[in-house]
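K.L.:
Numbers 1 to 84, taken from the UniProt record's numbering, label the letters of the sequence shown in order. Glycine is no exception: its CB is placed at the ideal position from the N, C-alpha and C atoms. Predicted model, so just to flag it, every value in this text is computed and none were measured.
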Amino acid sequence: MSTTIADLIVGEIGVIDDIPFDSVPLKLLEMGCLPGKEVELMQIAPLKDPLYIKVNGSHLAIRKETASLIKVTKIKNLCDILKS
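#1: For Glu40 and Thr66, what's the separation of their Cα atoms in angstroms?
#2: Roughly how many angstroms lie between the CA atoms of Lys74 and Lys37, to the nearest whole one?
#3: Is Val10 buried or exposed, if buried means 16 or more other CB atoms sit within 10 Å of its CB?
#4: What whole-angstrom Cβ distance do Ile70 and Val15 have, given they're in contact under 8 Å?
#5: For Val55 versus Thr3, is the C-beta distance shorter than 8 Å?
#6: Among the candidates Ile53, His59, Arg63 and Gly57, whose CA atom is the shortest distance from the CA of Leu47?
#7: So is Glu30 buried or exposed if we call it buried at 16+ other beta carbons inside 10 Å?
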């Protein structure tokens, strides 16, 4: 099972593996949301949509539907964050 940005828990960090360029808004790509970049889930809105992420030093709000298309590999999970 692959992990997506929508599967992350607040505070978790992942590296973007794959983005379906034809399905993700161009503006998101222009802001640096590209394969190989680290992404951190900063906050989830009260109704679970949108998600607030930090990528390339920018804070972005993206729809959960879009976040579920972007595959990531977790590099820092919540347990690691709480230990430090």
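P.N.:
On the basis of the coordinates in this document:
#1: If I take the Cα positions, the gap works out to 15 Å.
#2: 12 Å
#3: Per the 10 Å Cβ criterion, exposed.
#4: Contact flag wrong, Cβ pair sits at about 11 Å.
#5: No, Cβ-Cβ distance for Val55 and Thr3 is not below 8 Å.
#6: Arg63
#7: exposed
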